[in-house]
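In my numbering, the protein residues as written are 135 to 664.
The C-beta atom is built at its ideal place from N, Cα and C for all residues, glycine as well.
One structure is given below, encoded as structure tokens.
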Amino acid sequence: MFLTISTTGTPDRPATDLGFLLHKHPGKAQSFSTSHGTAHVLYPEATEQRCTAALLLEVDPVGLVRRGQGKGRGGAPDGALAQYVNDRPYAASSLLAVALSSVFRSALQGRCAARPELAERPLPLRIEIPALPARGGAELVHRLFGPLGWASVEAVPVPLDEQFPEWGDSRYVHLVLEGELLLADALRQLYVLLPVLDDAKHYWVAPDEVDKLLRAGDGWLAAHPEHRTITERYLARRRSLTEDAFGRLELVRLAEADGRDLEELDKELDEELDDAVAGEEPTPSTEAGAGADPAPRPVPLAVLRREAILGALRAAGAQRVLDLGCGQGQLVQALLKDVSFTEIVGVDVSVRALTVAARRMRLERMGERQSSRVRLVQGSLTYTDKRLAGYDAAVLSEVIEHLDLPRLPALEYAVFGAARPRTVLVTTPNVEYNVRWETLPAGHVRHGDHRFEWTREEFRTWATEVAGRYGYDVRVEPVGDDDPEVGPPTQLAVFQLATTETAATAAAETATAATNGTTATDSPKEGDAA
Numbered sequence: 135m136f137l138t139i140s141t142t143g144t145p146d147r148p149a150t151d152l153g154f155l156l157h158k159h160p161g162k163a164q165s166f167s168t169s170h171g172t173a174h175v176l177y178p179e180a181t182e183q184r185c186t187a188a189l190l191l192e193v194d195p196v197g198l199v200r201r202g203q204g205k206g207r208g209g210a211p212d213g214a215l216a217q218y219v220n221d222r223p224y225a226a227s228s229l230l231a232v233a234l235s236s237v238f239r240s241a242l243q244g245r246c247a248a249r250p251e252l253a254e255r256p257l258p259l260r261i262e263i264p265a266l267p268a269r270g271g272a273e274l275v276h277r278l279f280g281p282l283g284w285a286s287v288e289a290v291p292v293p294l295d296e297q298f299p300e301w302g303d304s305r306y307v308h309l310v311l312e313g314e315l316l317l318a319d320a321l322r323q324l325y326v327l328l329p330v331l332d333d334a335k336h337y338w339v340a341p342d343e344v345d346k347l348l349r350a351g352d353g354w355l356a357a358h359p360e361h362r363t364i365t366e367r368y369l370a371r372r373r374s375l376t377e378d379a380f381g382r383l384e385l386v387r388l389a390e391a392d393g394r395d396l397e398e399l400d401k402e403l404d405e406e407l408d409d410a411v412a413g414e415e416p417t418p419s420t421e422a423g424a425g426a427d428p429a430p431r432p433v434p435l436a437v438l439r440r441e442a443i444l445g446a447l448r449a450a451g452a453q454r455v456l457d458l459g460c461g462q463g464q465l466v467q468a469l470l471k472d473v474s475f476t477e478i479v480g481v482d483v484s485v486r487a488l489t490v491a492a493r494r495m496r497l498e499r500m501g502e503r504q505s506s507r508v509r510l511v512q513g514s515l516t517y518t519d520k521r522l523a524g525y526d527a528a529v530l531s532e533v534i535e536h537l538d539l540p541r542l543p544a545l546e547y548a549v550f551g552a553a554r555p556r557t558v559l560v561t562t563p564n565v566e567y568n569v570r571w572e573t574l575p576a577g578h579v580r581h582g583d584h585r586f587e588w589t590r591e592e593f594r595t596w597a598t599e600v601a602g603r604y605g606y607d608v609r610v611e612p613v614g615d616d617d618p619e620v621g622p623p624t625q626l627a628v629f630q631l632a633t634t635e636t637a638a639t640a641a642a643e644t645a646t647a648a649t650n651g652t653t654a655t656d657s658p659k660e661g662d663a664a
């Protein structure tokens with residue numbers, strides 16, 4: 135396996151500074167033992183004007199097979215002869231990625247002991263890999279490296295045999311990257327994307343690979359348009375690991391979007407999980423005086439909400455239901471008890487919440503017929519997600535008030551514009567009712583994470599505007615005791631997709647507006663799943 139890193143310089147900033155960054159002297163040829171062979175570092179050229187460092191990984195293919203590597207999931211092709219005679223040990227793959235992290239560890243971490251300022255200075259870089267396996271071809275190479283700041287990404291397919299062009303191209307490309315980047319960023323990108331392009335690893339993918347991926351992807355992976363492909367391929371499509379990684383990447387995106395510290399946001403989600411849903415509501419005042427018979431214990435508002443939602447779903451004839459922002463899964467659990475709901479999908483941004491929901495429902499012990507009806511999916515409701523399209527109904531129960539108002543249009547587009555279920559149910563607190571909660575101080579919202587709480591008129595206005603924008607009919611219903619002065623504690627909007635012609639016209643107009651940047655300015659394009 136062969137890779138070169140080149141840079142140019144001036145008398146003031148000589149190109150040989152590359153040696154300081156790589157911690158390898160340009161005047162020496164050095165060799166390093168690895169678990170799969172020997173890595174050689176040498177400099178074919180080293181002048182003030184231009185310097186090139188080459189990494190040559192000499193793999194021991196027989197030793198690789200005898201140690202049991204290259205077999206099984208994510209390894210080399212099966213078959214006795216193919217284990218010994220194949221091109222894989224000589225093409226850039228996860229073996230080269232591991233060698234990069236071992237030989238250039240300090241550079242990959244962005245450290246330069248002798249000249250610390252060099253690590254913080256972007257360099258004009260040219261990285262060349264003559265034989266890079268790319269399952270997806272040159273197009274995938276451009277999709278992966280293109281958004282990462284490279285001025286030029288060149289991926290030329292390597293023919294199977296130059297003497298017989300009619301045989302076509304192999305699955306290898308000759309890669310050349312050129313641009314001005316930090317060396318550490320370039321090396322971290324290669325460390326992640328070499329095995330991603332190969333779509334295979336020479337070792338078993340364990341849980342600690344999630345930490346490796348997020349460390350190397352810090353600063354670029356969360357915002358990458360192909361982050362799902364990168365994550366799934368890097369983690370060998372192991373479902374538990376990819377869901378963990380998606381959850382942690384979504385926290386990074388949320389923290390960046392809100393300008394908040396990642397640890398602070400993570401702690402906040404933990405605290406939310408500790409709140410029982412029934413306990414989110416303050417205690418209502420009672421009219422019973424001293425000596426009077428104790429009033430019957432009121433039905434918790436959370437229970438009344440679930441009953442109202444279940445009734446609306448049954449009335450709509452829904453069978454396949456999305457619970458968006460499912461939290462700890464109370465509604466999902468209630469839906470499972472009714473066999474008329476044949477498919478139930480709980481979606482939440484927090485992996486911890488989904489873990490609690492799985493434990494609450496005892497998914498691991500659930501019978502096959504019952505478990506086939508339910509899925510828990512990690513995802514953000516402010517990003518369009520192809521997995522959520524085609525369902526009969528979607529529920530947003532006590533969700534919208536947890537979003538900052540500027541992010542609400544993105545959720546509207548993701549649910550009503552992209553997923554587009556026939557029925558959408560939205561519940562939210564009625565702020566006018568807050569005066570009836572004796573434990574709620576004046577001027578406070580019901581939960582510490584609520585970014586807003588609407589009056590009945592404000593909620594009705596929002597629901598009417600959303601319905602008109604996306605081709606739905608809507609009605610607003612009370613949930614809980616409907617106080618003649620301040621209304622109900624919770625308000626429920628029931629959206630029903632309008633006639634086909636009306637809905638299609640509204641959807642087309644909304645899609646055009648979104649394309650022109652006039653609707654939901656931070657709404658991602660369809661397919662940018664969380």
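Sheet register partners of residue i (DSSP bridge)
i, result
"N564", "W588"
"R454", "E477"
"T141", "C185, L259"
"D617", "G621"
"P612", "Q625"
"E312", "R260, S286"
"G171", "T168, V193"
"Q719", "Residue 719 cannot be examined here, being either before or after the span of the chain that is shown, 135 to 664."
"E599", "Paired residues: none, contrary to the question."
"V307", "L266, P291"
Sequence-distant residues of the same chain with beta carbon closer than 8 Å to residue i, five excluded per side
i, result
"D615", "P622, P623"
"D409", "Any reading at D409 is ruled out, since the residue's pLDDT is 47, under 50, leaving its predicted position unreliable."
"E366", "T376"
"V275", "L266, A268, V287, A289, V307, L309, L331"
"L497", "S505, V508, L510"
"P145", "E182"
"K659", "Only weak support exists for where K659 lies, its pLDDT of 33 falling under 50; the coordinates are left without a value."
Under 8 Å between C-beta atoms of residue i and residue j
i, j, result
"V326", "L266", "no"
"V688", "M495", "Here the chain comprises residues numbered 135 to 664, so residue 688 is not present and cannot be evaluated."
"R81", "A149", "It is not possible to answer for residue 81, since the shown part of the chain is limited to 135 through 664."
"A379", "L369", "yes"
"V175", "V237", "yes"
"L456", "P543", "no"
"E477", "R503", "no"
"E110", "P264", "For the chain, the structure presents residues 135 to 664; residue 110 sits outside this window and is missing."
"A446", "V600", "no"
"G271", "A318", "no"
"V339", "R372", "yes"
"Q323", "L282", "yes"
"E360", "L278", "yes"
"L311", "W301", "no"
"A468", "L444", "yes"
"R585", "L539", "yes"
"Q464", "V490", "no"
"V613", "R448", "no"
"T516", "R541", "yes"
Cβ shell of residue i (< 7 Å), same chain only, five flanking positions each side left out
i, result
"L252", "D151, F154, L155, C246"
"V290", "V307, H308"
"V565", "E587, W588, T589"
"T363", "none"
"A528", "L456, L458, V549, A553, P555, V558"
"S235", "L242, Y325"
Residue-level contact to chain B via CB, residue i, 8 Å cutoff
i, result
"Q462", "Among the protein chains of the structure shown there is no chain B, as only one such chain exists."
Close beta carbons around residue i, own chain, < 6 Å, minus the five adjacent residues each side
i, result
"H536", "D583"
"V533", "G459"
"D212", "In this predicted model, D212 has a pLDDT of only 44, less than 50, meaning its place in the structure is not dependable; the value taken from the coordinates is given anyway. Nothing meets the Cβ criterion."
"T138", "T186, A188, E262"
"T142", "A149, R184, P258"
"G381", "V485, Q512"
"S240", "H157"
"P160", "T150, G153, Y177, A180"
"A523", "A553"
"E611", "L626"
"A126", "This structure cannot settle anything about residue 126, because the visible part of the chain is limited to 135 through 664."
"Y525", "R454, L456, P555"
"D303", "P291, P293"
Give the list of continuous beta strand (DSSP E) stretches no shorter than 3 residues that lie fully inside the region 271-297.
Runs of beta strand (DSSP E) with 3 or more residues, each lying fully within the region 271-297, are found at 286-293, listed in chain order.
My parser needs the alpha helix (DSSP H) runs of 4 or more residues fully inside the region 488-518; what are they?
DSSP runs (the alpha helix (DSSP H)) wholly in the region 488-518: 502-505.
So within the region 519-546, which uninterrupted alpha helix (DSSP H) runs reach at least 4 residues, ignoring any that extend past its ends?
Annotation: the region 519-546 contains the following complete segments of the alpha helix (DSSP H) (minimum length 4 residues), in chain order: 542-546.
Report the residue ranges of all alpha helix (DSSP H) runs contained in full by the region 324-381; include only those spanning at least 4 residues, in chain order.
The qualifying runs are 342-350, 361-368.
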